[in-house]
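Colleague: Position 54 (the sequence shown) corresponds to 54 in my numbering; numbering is contiguous.
Positions of the beta carbon are idealized from the N, C-alpha and C atoms, including for glycine.
Sharing a structure with you now.
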Amino acid sequence: MSKIFIDTSGFKALVDEKDEFHSKAVKLWGKLLRLDDGFVVSNYILDESLTLVRMRRGLDKALKLRDFIAESSQVIKIYRVSIEDERGAWKWFEKDWSKLSFTDCVSFALMERLGIKRVFGFDKHFERAGFGLVK
């Protein structure tokens, strides 16, 4: 198989028992750990994920996410977004899509650069951009 990009929606669902996708995320994560070649995440997604979880669910959940990421360091590779990734994001950002964040656009550009086609997450923007949500 190939590497999978992790989106903020995937991280949040894993650590937030109240998230509508929590059960699905936990089951899917366990399955993917056995079947795939690892995961990729950007420093932008880490920032967005930790901030979102802290603001919506509190410090304890954000620290749980931090610990999860640290404990998963053997399978999750963190990429620092490059200037080229940021430049590549503008073609996506210029699309008139509702609720499309610049972080989403940077994720698309990074995934294109790395040849990643699949996402662990629940954000439909990835499908609209031509990437597949793992199921």
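How is the beta strand (DSSP E) around V41 delimited, first residue to last?
Modeller: Looking at the DSSP string, the run of the beta strand (DSSP E) that includes V41 is F39 to S42.
Colleague: For V75, collect the residues of the same chain with a Cβ closer than 7 angstroms to its Cβ; drop the 5 residues on either side in sequence, then sort them by chain order.
Modeller: Closer than 7 angstroms at Cβ, skipping near neighbours: L33, G38 and F39.
Colleague: Assuming L110 contacts S42 (C-beta within less than 8 angstroms), just tell me the rounded distance between them.
Modeller: Correct: roughly 5 angstroms between the Cβ atoms.
Colleague: If you run the structure through DSSP and keep just helix, strand and coil, what is F5?
Modeller: Here F5 sits in strand by DSSP.
Colleague: Do the region 91 to 102 and the region 67 to 82 touch if we need at least three Cβ pairs shorter than 8 angstroms?
Modeller: Because the criterion of three Cβ pairs below 8 angstroms is not met, the region 91 to 102 and the region 67 to 82 do not touch.
Colleague: Applying the 10 Å Cβ sphere with the 16-neighbour rule, what's the burial state of E127?
Modeller: Under this definition E127 is an exposed residue.
Colleague: Going by DSSP, what residue range makes up the beta strand (DSSP E) through F120?
Modeller: Segment R118 to F120, the beta strand (DSSP E) holding F120.
Colleague: For K95, name the three-state secondary structure that DSSP assigns.
Modeller: K95 falls in the coil class under three-state DSSP.
Colleague: Below 8 angstroms on the Cβ atoms is my contact criterion, and I expect L50 with L65 to pass it. Report the Cβ-Cβ distance as a whole number of Å.
Modeller: Confirmed, about 6 angstroms.
Colleague: Among H22, S23 and Y44, which has the Cα closest to the Cα of F108?
Modeller: Residue Y44 is the option with its Cα nearest to F108.
Colleague: If I measure Cβ to Cβ from F211 and keep anything under 8 angstroms in the same chain, skipping five residues before and after, which residues do I get?
Modeller: Any question about residue 211 goes unanswered here, given that the chain covers just 1 to 135.
Colleague: If you run the structure through DSSP and keep just helix, strand and coil, what is G130?
Modeller: Three-state result, G130: coil.
Colleague: Just how far apart, CA to CA, sit D19 and R57?
Modeller: Using only the alpha carbons, I get a separation of about 10 angstroms.
Colleague: Taking C-alpha atoms, which residue in F21, L46 and A129 lies nearest to S73?
Modeller: Of the listed residues, the one whose Cα sits closest to S73 is L46.
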